[in-house]
Structure formats: C-alpha cells, structure tokens
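Student:
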Amino acid sequence: MDLSIAEGEFVSIIGPSGCGKSTLLRILADLERSSAGDIEWGGRPGRRAVGFVFQEPVLLPWKSALGNIVFALQAFGIRGESARSEARRLLALVGLESFADALPSQLSGGMRQRVAIARALSYDPEILLMDEPFGALDLLTRDDLNDKLLEIWAKTGKTIVLVTHSVEEAAYLSDRVVVMSARPGRIKKIHDVPFAHPRSATTKLLPGFHRLMADLRSDLR
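The working numbering numbers the first residue of the sequence shown as 2 and each following residue consecutively.
(1) Measuring CB to CB, does A50 end up less than 8 angstroms from P126?
(2) To the nearest angstrom, how far is it from the Cα of I70 to the Cα of A76?
(3) Do you know how far the Cα of K190 is from the Cα of R85?
(4) So the alpha helix (DSSP H) F210 belongs to, where does it begin and stop?
(5) Which residue from A37, G111 and A155 puts its Cα closest to that of L141?
(6) Using a 10 Å radius around the Cβ and a threshold of 16 neighbouring Cβ atoms, would you call I153 buried or exposed?
(7) Taking just the CA atoms, how far does G38 sit from S23?
(8) Tell me the DSSP secondary structure of S18 in three-state form.
(9) Who are the near neighbours of W42 in its chain, counting only those whose CB is closer than 8 angstroms to its CB and skipping five residues on each side?
(10) So, is L61 buried or exposed, given that buried needs 16 or more other C-beta atoms within 10 angstroms?
(11) Measuring CB atoms only, is the stretch 161 to 177 touching the stretch 188 to 208, in the sense that at least three cross pairs come out at less than 8 angstroms?
(12) In chain order, what residues of the same chain have a beta carbon less than 6 angstroms from the beta carbon of I118, not counting five sequence neighbours either side?
In structure tokens, the structure reads:
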C-alpha cells in the first residue's frame, strides 16, 4: 500500500476483519516490522514519537487514574510534582480531573478509555494511533467519546489515525476515510469527508452524511 497522511489530519481506516488494519498501525508504531517498503516522516525515513490507544485500556489496576499517567511520564524522566501537574492537565483535557484518585475498577469503560487516551498523549506524540478504542462500548458512550475525541483533536492539533469497524464513526470523525479490501489487504478507495469542523449530532442528519455512509458500505461489500 501507499498512503500519505498530512500533519494534523484525522484519518480513519476501515475494512473487513483480517485485512491488516491493526497490523498497519503496529508497523507505524514500530511494534512490528514491515516485510518491505519504508515509512517516511516529513519526507525522511525513520521513526517518530507515537501514542497508541489499544482496544482495551490496559491500565495498571493498582494505580489511580492519575498514577497511571504519572507512571508513563516517569518512563520519560518526568518525575515528582512536574509529572503530577502534567498528569492533572491531561486528565482535565479528557474531562476526568475530578476522578484523579479513582482506581480503574471504580471507573466506567468509557472513563478508563479516556485515561488511556490521556496516557497516550503524555508522550507528546507526533501521531496518535487508535485501534478500535471504542468498539466494546455501548452506543451512547461511544457517541460521547467520539465528541470528546474531536474536542481533544481540536485542542492538541495531533495527527490521528483511527482503525474502526464503524462506518458511522469513520464518517463522523475523519478528514479522510481509507477503505481496505479483504485479504490480501490493499487500499481500495479513499474518501474525502466534506463536512466542516466542529461537528455535532446535526452533522449526522445531513443528506450528504448518509450518502457517504452508503458509499463506504458499498465499498466494503
């Protein structure tokens, strides 16, 4: 495949199960090696700082929401009050400042995933990779987190690449939607999303939104 992503862009990737969406993210994160080809950042080969949000939050159960983020910051040599202050800022960014002392078991699934997003942002990544982070959540929570993610994106200006099985989620969040074919996974089509930001629930009522979802479903078939 050959794909270029602009700085600050929000790109979603959809495709049949097993086509290689998650593998592509793991290659971008340097968690797996590609069999051929190169990844370039700003026209240069090499790696850059990435944040990765997995399907499950994977939080340390014995640490608080604040503690999970502080732990990540300590890996980069940020300690003491500097780490705690930055962790509080990140929790405020995801709307969880009042849950800083809560353990993961005391948080809902959506709240745990917001902590995971804050932890990923603690690395100050150039690109945020998200592998179906909301797939296990109920529809209302998922819609709420979609809006929260757009808010975070607007505030941080991060480049985001999201893998999702939800056509609606891809159409609602993205600047572009990449559709992959079944195995062997190839880029089948790339759709530009024509809706301006900021977006809201009314975006989903636009005739063009439903046409886009119909086109995406047709491509998946």
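Cβ atoms here follow ideal geometry from the backbone N, Cα and C, with glycine treated the same way.
Tutor: From the atom records:
(1) Within the sequence shown, the letter at position 49 stands for residue 50. Within the sequence shown, the letter at position 125 stands for residue 126. The answer is yes: Cβ separation under 8 angstroms.
(2) Taking the first residue of the sequence shown as 1, we reach residue 70 at position 69. Taking the first residue of the sequence shown as 1, we reach residue 76 at position 75. Taken atom to atom, the span from the alpha-carbon of I70 to that of A76 is near 10 angstroms.
(3) Here residue 85 corresponds to residue number 84 of the sequence shown, with the count starting at 1. Here residue 190 corresponds to residue number 189 of the sequence shown, with the count starting at 1. For the pair R85 and K190, the Cα-to-Cα distance works out to about 44 angstroms.
(4) One-based indexing of the sequence shown puts residue 210 at position 209. Element bounds for F210: P208 to L221.
(5) Position 140 of the sequence shown, counted from the first residue, corresponds to residue 141. For the residues A37, G111 and A155, the minimum Cα distance to L141 belongs to G111.
(6) Translated into the one-based positions of the sequence shown, residue 153 becomes position 152. I153 comes out buried.
(7) Stepping through the sequence shown from its first residue, residue 23 is reached at position 22. Stepping through the sequence shown from its first residue, residue 38 is reached at position 37. When rounded, the distance between both Cα atoms is 18 angstroms.
(8) The sequence position of residue 18 within the sequence shown is 17, counting from 1. Three-state DSSP puts S18 in coil, outside helix and strand.
(9) Here the question's residue 42 lines up with position 41 in the sequence shown. So the list reads R48, R49 and E127, once near-sequence residues are dropped.
(10) Within the sequence shown, numbered from 1, the residue matching residue 61 stands at position 60. Classification of L61: exposed, given that the 10 Å Cβ count is below 16.
(11) Contact check between the stretch 161 to 177 and the stretch 188 to 208: three or more CB pairs, one atom from each, fall below 8 angstroms, which counts as touching.
(12) Within the sequence shown, residue 118 is the residue found at index 117, counting from 1. Excluding residues within five positions, the ones whose Cβ falls inside 6 angstroms are V54 and V95.
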